[in-house]
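Colleague:
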Amino acid sequence: MRRFSYRSLISEALNAHQGWQRQWRAPDPKPSYDVVIVGGGGHGLATAYYLASQHGITNVAVIEKGWIGGGNTGRNTTIIRSNYLYDESAGIYEHALKLWEGLSQELNYNVMFSQRGVLMLAHNVHDVQSFKRHVYANRLNGIDNEWLSTEECKAFCPPINISQDIRYPVMGGALQRRAGTARHDAVAWGYARGADSRGVDIIQNCEVKGIRRDASGAAVGVETTRGYIGAKRIGVVAAGNTSVVMQMAGVRMPLESYPLQALVSEPVKPCFPCVVMSNAVHAYLSQSDKGELVIGAGTDQYVSYSQQGGLHITNHTLDAICEMFPQFTRMKMLRSWGGVVDVTPDRSPIIGKTPVENLFVNCGWGTGGFKATPGSGHVFAHTLATGEPHEINAPFTLDRFRTGRLIDEAAAAAVAH
Amino acid sequence: MLLIDCPCCGLRPETEFRCGGQAHVARPATPADVTDKDWSEYLFVRENPRGVHAERWIHQHGCGRWFNALRDTVSDRFVETYPMGGDPKSTTTETRL
Ligand SMILES: Cc1cc2nc3c(=O)[nH]c(=O)nc-3n(C[C@H](O)[C@H](O)[C@H](O)COP(=O)(O)OP(=O)(O)OC[C@H]3O[C@@H](n4cnc5c(N)ncnc54)[C@H](O)[C@@H]3O)c2cc1C
Ligand SMILES: [Zn+2]
Numbered sequence: 055m056r057r058f059s060y061r062s063l064i065s066e067a068l069n070a071h072q073g074w075q076r077q078w079r080a081p082d083p084k085p086s087y088d089v090v091i092v093g094g095g096g097h098g099l100a101t102a103y104y105l106a107s108q109h110g111i112t113n114v115a116v117i118e119k120g121w122i123g124g125g126n127t128g129r130n131t132t133i134i135r136s137n138y139l140y141d142e143s144a145g146i147y148e149h150a151l152k153l154w155e156g157l158s159q160e161l162n163y164n165v166m167f168s169q170r171g172v173l174m175l176a177h178n179v180h181d182v183q184s185f186k187r188h189v190y191a192n193r194l195n196g197i198d199n200e201w202l203s204t205e206e207c208k209a210f211c212p213p214i215n216i217s218q219d220i221r222y223p224v225m226g227g228a229l230q231r232r233a234g235t236a237r238h239d240a241v242a243w244g245y246a247r248g249a250d251s252r253g254v255d256i257i258q259n260c261e262v263k264g265i266r267r268d269a270s271g272a273a274v275g276v277e278t279t280r281g282y283i284g285a286k287r288i289g290v291v292a293a294g295n296t297s298v299v300m301q302m303a304g305v306r307m308p309l310e311s312y313p314l315q316a317l318v319s320e321p322v323k324p325c326f327p328c329v330v331m332s333n334a335v336h337a338y339l340s341q342s343d344k345g346e347l348v349i350g351a352g353t354d355q356y357v358s359y360s361q362q363g364g365l366h367i368t369n370h371t372l373d374a375i376c377e378m379f380p381q382f383t384r385m386k387m388l389r390s391w392g393g394v395v396d397v398t399p400d401r402s403p404i405i406g407k408t409p410v411e412n413l414f415v416n417c418g419w420g421t422g423g424f425k426a427t428p429g430s431g432h433v434f435a436h437t438l439a440t441g442e443p444h445e446i447n448a449p450f451t452l453d454r455f456r457t458g459r460l461i462d463e464a465a466a467a468a469v470a471h
Numbered sequence: 872m873l874l875i876d877c878p879c880c881g882l883r884p885e886t887e888f889r890c891g892g893q894a895h896v897a898r899p900a901t902p903a904d905v906t907d908k909d910w911s912e913y914l915f916v917r918e919n920p921r922g923v924h925a926e927r928w929i930h931q932h933g934c935g936r937w938f939n940a941l942r943d944t945v946s947d948r949f950v951e952t953y954p955m956g957g958d959p960k961s962t963t964t965e966t967r968l
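Note that the protein sequences, when read in sequence, are chains A and B.
No gaps in the numbering here: position 211 of the first sequence is 265 in the working numbering, and each next residue is one more.
No gaps in the numbering here: position 27 of the second sequence is 898 in the working numbering, and each next residue is one more.
1. Between the alpha carbons of Thr966/B and Asn137/A, how many angstroms are there, rounded?
2. So, under 8 Å CB-CB, Ala115/A and Asp255/A are touching, yes? Tell me the CB distance rounded to an integer number of Å.
3. So does the region 374–392 of chain A actually touch the region 441–457 of chain A, counting three or more Cβ pairs closer than 8 Å?
4. Between the region 305–319 of chain A and the region 362–369 of chain A, do three or more beta carbon pairs fall short of 8 Å?
5. Do the region 119–127 of chain A and the region 319–332 of chain A meet, that is, are 3 or more Cβ pairs less than 8 Å apart?
6. Taking 8 Å as the CB-CB cut-off, is Val905/B touching chain A?
7. Assuming contact is defined by CB atoms lying nearer than 8 Å, are Gly289/A and Leu438/A in contact in what I supplied?
8. List in chain order the residues whose CB is within less than 6 Å of at least one heavy atom of ligand 2.
9. Quick one: which unbroken alpha helix (DSSP H) runs of 4-plus residues sit fully inside the region 98–172 of chain A? Chain order, please.
10. Would you check whether ligand 1 has a heavy atom nearer than 7 Å to the C-beta of Glu310/A?
11. Measuring from the CB of Glu346/A, is there a heavy atom of ligand 1 at a distance below 7 Å?
12. Which class does Leu968/B belong to by DSSP, given the choice of helix, strand or coil?
13. Ignoring anything shorter than 4 residues, give me the alpha helix (DSSP H) runs that lie fully in the region 265–311 of chain A, in order along the chain.
14. Verify the contact flag: Gly124/A, CB atom, against every heavy atom of ligand 1, threshold strictly below 7 Å.
15. For Tyr359/A, return the contacting residues in chain B, with the cut-off set at a CB-CB distance below 8 Å.
16. Quick check for students: name the residue ranges of the alpha helix (DSSP H) that lie wholly in the region 333–420 of chain A, counting only runs of 4 or more.
17. So if DSSP puts Ile446/A in a beta bridge, which residue, or which two residues, is it bridged to?
18. Step through the CB atoms of chain B and report whether any lies within less than 8 Å of the CB of Val298/A.
19. By DSSP, does Ala472/A sit in helix, in strand, or in coil?
20. Using the three-state DSSP reduction, which class does Asp462/A fall into: helix, strand or coil?
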């Protein structure tokens with residue numbers, strides 16, 4: 055791997071940029087691997103990277119049916135924060151946030167992590183109470199989160215309309231200053247490059263069609279569109295398609311897959327300093343470094359793999375954006391798209407073992423797993439390397455839906471992202 | 872937005888409806904006798920198929936009635952709608968659109 059440095063940039067500038075190499079190889083699949091990862095999104099690639107870099111396991115393949123990062127990783131609105139209510143969630147999201155803080159250096163790849171602050175607006179008494187509870191719970195977990203009055207929200211993010219005669223007036227907000235955004239593609243590419251340089255095979259345009267099991271029931275490999283690939287351990291990291299892949303091994307999942315949409319505006323000069331989220335009116339807004347407003351909408355109400363959602367869903371979000379930020383009423387929207395998000399009953403992920411020997415799963419990140427990418431990959435690599443969960447992902451079992459030990463972020467805040 | 876064929880009112884826009892999730896999930900008749908595993912299946916595990924899905928809808932802002940539907944989750948097309956308690960005419964496997 056050729057490292058990016060001041061020197062390499064200068065020398066390539068003088069060389070008319072003719073000397074850059076491909077960032078990762080395009081190998082043919084080998085007959086078998088120590089670990090096969092199904093799904094080349096950020097989580098799968100991060101898992102491969104940490105398997106190689108932390109555990110010395112380099113005989114690894116990441117199998118992706120399309121192109122890497124073409125799933126939810128490349129479709130999300132990139133909000134990163136760790137101010138979740140429960141200790142278990144705080145543990146994993148804060149683990150991820152700490153890794154984000156050093157990620158560009160670690161990968162020698164600019165993931166454009168920008169800690170510009172995420173402000174969550176409260177629009178009713180319930181929001182105020184629930185957000186304050188989050189602030190206190192977060193502080194007990196050593197996570198920064200502070201309560202801002204309505205005027206302080208306005209000072210932090212001047213575009214917000216704080217007039218009290220709108221349908222959902224702003225009653226304050228919770229601000230995590232260390233939160234922010236990152237460049238989604240760069241995260242997939244940076245991990246892919248780092249994993250590849252340590253020997254991991256990244257195999258694109260190769261769909262997993264079946265999971266082969268031996269007489270004892272243990273998983274021994276995957277059937278793919280490029281033939282059978284043996285594996286000592288298999289990690290399924292297929293986001294919206296997890297139910298489908300797990301069904302190949304006869305495992306039924308507590309998941310439902312919904313369309314989730316986002317859209318971007320025409321690019322304009324810098325005018326929006328942070329990320330603003332409003333769960334009550336269902337709108338999420340930030341400005342990309344290119345200048346586009348990046349807007350997240352809600353999920354559709356029905357299960358779908360279409361990667362498309364209803365126009366009335368985005369419309370609803372734009373209504374809220376126009377009311378909260380009147381300066382944007384005349385912005386033109388350029389593009390909208392959808393992803394397929396895998397949602398668990400308690401809105402917390404599932405990371406760990408399955409009833410099938412040698413088969414592991416990392417899924418259920420739903421509408422908000424981009425922020426967890428480094429932490430999720432890190433603990434899942436530990437799980438695949440040792441066969442046992444890391445203490446951080448130990449609570450996020452599949453079995454919790456039987457034991458009743460849910461991690462009910464859904465009830466805590468009904469928060470997406 | 873989907874166009875949905877309410878058995879009572881005919882084709883109406885999706886915004887008049889609420890989706891009630893997977894159809895034909897029967898509550899165990901004697902919950903006390905059910906294992907934790909089966910109870911968890913009933914509460915939490917869902918088909919979530921890539922293909923035809925049986926689901927419940929209610930025409931909330933119309934006749935107010937519940938009904939069942941078969942819908943392809945890849946194309947989002949409805950295969951058919953049918954009354955609560957009834958069975959669909961088509962089977963879920965042969966009607967992939
Ligand atoms: C519109 C939208 C906005 C979002 N906004 C945010 C946000 O602001 N903040 C946040 O934290 N999260 C957000 N999310 C959620 C976030 O995108 C996901 O939780 C996260 O990216 C999941 O990463 P992943 O690597 O698990 O999945 P993906 O990136 O979806 O990767 C899974 C991969 O598996 C592949 N795959 C599936 N089936 C097979 C098969 N049979 N064989 C081979 N490969 C297969 C897919 O092609 C895909 O590339 C958003 C999601 C969407 C859709
Ligand atoms: Zn009706």
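Note that CB positions come from ideal geometry on N, CA and C, so glycine has one too.
Modeller: To lay it out plainly:
1. Because Thr966/B carries a pLDDT of 49, less than 50, the predicted location of this residue cannot be relied on, and the following value inherits that uncertainty. Thr966/B and Asn137/A: Cα-Cα distance of roughly 45 Å.
2. Ala115/A to Asp255/A, Cβ: 4 Å. Contact.
3. Here the region 374–392 of chain A does not lie against the region 441–457 of chain A, with fewer than 3 beta-carbon pairs under 8 Å apart.
4. Contact holds: three or more Cβ-Cβ distances are below 8 Å.
5. No, the region 119–127 of chain A is not in contact with the region 319–332 of chain A.
6. No Cβ of chain A is located within less than 8 Å of the beta carbon of Val905/B.
7. Pairing Gly289/A with Leu438/A gives a Cβ-Cβ distance under 8 Å.
8. Taken from the N-terminal end onward, the list reads Cys877/B, Cys879/B, Cys880/B, His930/B, Gly933/B, Cys934/B, Arg936/B.
9. Annotation: the region 98–172 of chain A contains the following complete segments of the alpha helix (DSSP H) (minimum length 4 residues), in chain order: 141–161.
10. No; taking the cut-off as 7 Å, the Cβ of Glu310/A has no heavy atom of ligand 1 nearer than that.
11. At a threshold of 7 Å, Glu346/A does not count as near ligand 1, since its beta carbon sits no closer than that to any of the ligand's heavy atoms.
12. Confidence at Leu968/B is low in this model, with a pLDDT of 43, below 50, so its placement is unreliable and no value can be given for it.
13. You should have 296–301.
14. Flag set: Cβ of Gly124/A near ligand 1.
15. Near Tyr359/A (Cβ distances below 8 Å), the residues of chain B are Arg921, Thr944, Val945.
16. Those alpha helix (DSSP H) runs which fall completely within the region 333–420 of chain A and span 4+ residues are 365–378.
17. In the DSSP assignment, no residue is bridged to Ile446/A.
18. Yes, Val298/A counts as interfacial toward chain B.
19. A question about residue 472/A goes unanswered here, because the residues of chain A that appear run from 55 up to 471.
20. If DSSP states are grouped into helix, strand and coil, Asp462/A belongs with coil.
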